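Heads up: the sequence shown begins at 565 in this note's numbering, then just goes up one per residue.
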Amino acid sequence: MSDSKIPTPDQLRRDVNEFLKEKYGDRVVIPPEPDLNGQTPPPEGEKKDFTSPVHFNLKPSELEAYLQQYVVGQDEAIEVLATKICTHFNRMKLETRTDGVEELVGNIKSNVLMIGPTGVGKTYLIKLIAKKIGVPFVKGDATKFSETGYVGGDVEELVRDLVREANGDLKLAEYGIIYLDEIDKIASSGNSIGPDVSRSGVQRNLLKLMEESEVDLKTPHDLAAQMEAAMEAQRTGKVARKKVNTRNILFVMSGAFSTLPDIIRRRLNQQPIGFRGVEEELPASAADTEILRKLRSEDLIRFGFESEFVGRLPVTVTLNDLDVEGLFRILGNPNSTVIQGKRRDFRSYDIHIEFEEEALRRIAELANEEHTGARGLVSVVDRLLLKFEKTLPDTTITEFTVTPALVDNPQGELDRLLTQHYLKAFQKRFLASNGIVITFTGEALELLRQRASGEGKNLEEVCSDLLHDYEYGLRLLGCDNFTVDSDIVRDPKSRLEEMIKQSYGKKH
Ligand SMILES: Nc1ncnc2c1ncn2[C@@H]1O[C@H](COP(=O)(O)OP(=O)(O)OP(=O)(O)O)[C@@H](O)[C@H]1O
Ligand SMILES: [Mg+2]
565 MSDSKIPTPD QLRRDVNEFL KEKYGDRVVI PPEPDLNGQT PPPEGEKKDF TSPVHFNLKP
625 SELEAYLQQY VVGQDEAIEV LATKICTHFN RMKLETRTDG VEELVGNIKS NVLMIGPTGV
685 GKTYLIKLIA KKIGVPFVKG DATKFSETGY VGGDVEELVR DLVREANGDL KLAEYGIIYL
745 DEIDKIASSG NSIGPDVSRS GVQRNLLKLM EESEVDLKTP HDLAAQMEAA MEAQRTGKVA
805 RKKVNTRNIL FVMSGAFSTL PDIIRRRLNQ QPIGFRGVEE ELPASAADTE ILRKLRSEDL
865 IRFGFESEFV GRLPVTVTLN DLDVEGLFRI LGNPNSTVIQ GKRRDFRSYD IHIEFEEEAL
925 RRIAELANEE HTGARGLVSV VDRLLLKFEK TLPDTTITEF TVTPALVDNP QGELDRLLTQ
985 HYLKAFQKRF LASNGIVITF TGEALELLRQ RASGEGKNLE EVCSDLLHDY EYGLRLLGCD
1045 NFTVDSDIVR DPKSRLEEMI KQSYGKKH
């Protein structure tokens, strides 16, 4: 076979995809593999702007100040993370210098363990940091690995994901951040049967990556890549190995660790009184976040982690539970996506919304009852405004304010808003076409509202139907203002006839 007959890897991928499409429809596709020479353009809209970490020159206090602008109520965590992560990147910069700075052998990386309940900013912090530093970032879920049963290949997939995030730039991927959530779920519970075997298996697989290992870019089941490699080998007689070194990749692991405070409490209680340091005297009722400050490696080992695993996570960060005050501050934060995101949702329908401060406080209180951290804010705001979001685009309403009354009774406030809106529209039209100011008694309005909802019409339509004959009648009578009461709503005809009769009687 001559060389010219050999398809390019791209051609090959297209051919294989065509074959797969015929056989399976669009369900199976071989994605373009990250181009190792950085020549494959990233897919549309995914181009990321990374700076080389070698040009990194951020100081811990600068990173801290940046994070403070976004993240509320986690000052301690921010301080530790900003410092350790800045130092991690600055140290890599030092090591790439060629002015004789010696490379440290056995260098311990500042991999981070984050402990904290759901929705308090763990992922958010790391994402912000990766963005600020300009390195690729991938997020994985530790439970995924134990579920498959096949562990080794999967944790390495995180590193390949990092290459994809870096648009195929291997060097950059080697400075990326890998974030693994739910790491507490791969702790073993002490007995070595069942899922525990694979859990400690996952820990061991992660160990290799966390330290230093070379990850092959080609997965054993990447068909196109395997074929490409085989052809490459045939052509050149060499097997090109494309690998990523994990030495500088920063690992951040996070989890809720809900039973950890009790483990620490037990340890503290078991120490003979005389051996407890003054700082370890904590009342049994001390809050979990207080207790977590006393965390030691041995507690994590008791929790179910291998000591080698704990040893490779030298930085521990505890995040606080968010209370009502914290949640309220998030809502008020101009960088917060909760309120800004909702504003944007409505702006897409040309509706401007305002939030009263007292309403924000009520929202924070409701969110606090959900026990899902800042995520509770999003669900509360969504729940409150859903009907508004559905209904208002059908109207010409262009603004409204979220008040405490709205938070307490969203449906009632929506009805009120719609009533006012349609009422005004009707009054305006009535005045314009008849020159008459029309008003309604409260009772009449209530009846009309009920009728509107019963008939599935809006208030303006119901008023127009009801008062159709009055437009001419009142003009005839020479009125310049008129009040509609509940009797008219019940029986519009009689009153109009009566008024016309009366006026006729007066004139004659
Ligand atoms: N402390 C905070 N300050 C400001 N916003 C926050 C804070 N915590 C969370 N948020 C908001 O809530 C969202 C969800 O938080 P995040 O993803 O960081 O939760 P998490 O701590 O990683 O929870 P989980 O353990 O469930 O993954 C964030 O994207 C952010 O908008
Ligand atoms: Mg998270």
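Glycine included, every Cβ here is placed at the ideal spot set by N, Cα and C.
Note that the structure is a prediction, hence the values are computed from the model and not measured.
Endpoints, beta strand (DSSP E) assigned at residue 881 | 879-882 is the span of the beta strand (DSSP E), which, as asked, contains residue 881.
Three-state secondary structure assigned by DSSP to residue 1041 = Per DSSP, reduced to three states, the secondary structure at residue 1041 is helical.
Is residue 686 near ligand 2, going by C-beta to nearest heavy atom under 7 Å?
-> Under cutoff, so the answer is yes.
Taking Cβ positions, are residue 939 and residue 682 nearer each other than 8 Å?
-> Closer than 8 Å, so yes.
May I ask you to verify whether the stretch 991-999 touches the stretch 930-947, counting CB pairs closer than 8 Å and requiring at least 3?
-> Proximity of the stretch 991-999 to the stretch 930-947 falls short of the contact definition, fewer than three beta-carbon pairs being nearer than 8 Å.
Cα-Cα separation, residue 659 to residue 673 = When the Cα atoms are used, residue 659 and residue 673 turn out to be separated by approximately 13 Å.
Between residue 852 and residue 794, what straight-line distance do the alpha-carbon atoms span, to the nearest angstrom?
-> In a straight line, the C-alpha of residue 852 is about 56 Å away from that of residue 794.
If we count the other Cβ atoms within 10 Å of its Cβ and call it buried at 16 or more, is residue 1024 buried or exposed?
-> It counts as buried.
DSSP three-state call for residue 620: helix, strand or coil?
-> Coil at residue 620, not helix or strand.
Does the count of Cβ pairs from the stretch 895-904 and the stretch 920-938 closer than 8 Å reach three?
-> A contact exists between the stretch 895-904 and the stretch 920-938.
Would you say residue 936 faces chain B, with C-beta separation under 8 Å as the test?
-> Chain labels in this structure do not include chain B; a single protein chain is all it has.
Other residues of its chain near residue 870: CB distance less than 8 Å, five sequence neighbours each side excluded | Short of 8 Å from the beta carbon of residue 870, and not among the five residues preceding or following it, lie these beta carbons of its own chain, in chain order: 764, 767, 768, 771.
Distance cut-off 7 Å: residue 894 Cβ against heavy atoms of ligand 1 | Proximity of the beta carbon of residue 894 to ligand 1 is indicated: a heavy atom of the ligand is located closer than 7 Å.
Within the present structure, is the beta-carbon of residue 745 separated from the nearest heavy atom of ligand 2 by less than 7 Å?
-> At least one heavy atom of ligand 2 is nearer than 7 Å to the Cβ of residue 745, so yes.
Can you list, in chain order, the residues of its chain whose CB lies under 6 Å from that of residue 815, leaving out five sequence neighbours each side?
-> Cβ neighbours of residue 815 beyond the five flanking positions: 675, 742, 774.
Own chain, CB closer than 8 Å to residue 922, minus 5 neighbours either side, in chain order | Taken in chain order, the residues that qualify are 967, 968.
Assign residue 870 to one of three DSSP states: helix, strand, or coil.
-> DSSP, read as helix, strand or coil, puts residue 870 in coil.
Residue 1144 bridges to which residues according to DSSP?
-> The chain is shown from 565 up to 1072; residue 1144 falls before or after that span and cannot be answered.
Exposed or buried, what is residue 873 when buried is set at 16 or more other beta-carbons lying within 10 Å of its beta-carbon?
-> Using a 10 angstroms sphere on the CB of residue 873, the tally of other CB atoms reaches 16 or more, which defines it as buried.
Mapping DSSP to helix, strand and coil, what is residue 935?
-> In the three-state reduction of the DSSP assignment, residue 935 falls in the coil class.
Do three or more CB pairs link the stretch 1026-1033 to the stretch 1049-1065 at distances below 8 Å?
-> Counting Cβ pairs under 8 Å, three or more are found: they touch.
Tell me whether residue 908 counts as near ligand 1, meaning its Cβ is closer than 7 Å to at least one heavy atom of that ligand.
-> Not under cutoff, so the answer is no.
Give the DSSP-derived three-state secondary structure of residue 818 in the structure shown.
-> Strand, per DSSP.
Please report the Cβ distance between residue 699 and residue 732, rounded to the nearest whole angstrom; I am assuming they are in contact, meaning their Cβ atoms lie under 8 Å.
-> Contact between residue 699 and residue 732 fails: their C-beta atoms lie close to 15 Å from each other, not under 8 Å.
Is the stretch 636-654 close to the stretch 875-884, with three or more CB pairs under 8 Å?
-> Enough Cβ pairs lie closer than 8 Å, so yes.
Taking 8 Å as the cut-off, decide whether the C-beta atoms of residue 1073 and residue 1048 are in contact.
-> Examination of residue 1073 is not possible in this model, given that the chain is present from 565 through 1072 alone.
Give the single residue among 678, 655, 646 whose Cα lies nearest to the Cα of residue 693.
-> Among 678, 655, 646, the Cα nearest to that of residue 693 is on 646.
Within 8 Å, strictly: CB atoms of residue 636 and residue 727 | Not in contact: residue 636 and residue 727 (Cβ atoms no closer than 8 Å).
Cβ of residue 1073 within 7 Å of any heavy atom in ligand 1?
-> Given that the chain is displayed from residue 565 to residue 1072, the structure contains no residue 1073 and the question cannot be resolved.
Spatial distance of residue 1014 from residue 1068 (CA atoms) = For residue 1014 and residue 1068, the distance between alpha carbons rounds to 35 Å.
Roughly how many whole angstroms lie between the Cα atoms of residue 653 and residue 744?
-> Put simply, the backbone Cα of residue 653 is about 19 Å away from that of residue 744.
Minimum C-alpha distance to residue 1006 - residue among 997, 1020, 983 | Nearest neighbour of residue 1006 by Cα position, chosen from 997, 1020, 983, turns out to be 983.
Is it the case that the Cβ atoms of residue 747 and residue 818 are separated by a distance below 8 Å?
-> Against a cut-off of 8 Å, the Cβ pair of residue 818 and residue 747 comes out as a contact.
In or out: residue 1037 buried (at least 16 other Cβ within 10 Å) or exposed?
-> With 16 or more Cβ atoms within 10 Å of its Cβ, residue 1037 is classed as buried.
So, residue 697 versus residue 631, is the Cβ gap smaller than 8 Å?
-> Not closer than 8 Å, so no.
Where DSSP assigns a beta bridge to residue 863, which residues make up the other side?
-> Answer is none; residue 863 lacks a bridge partner.
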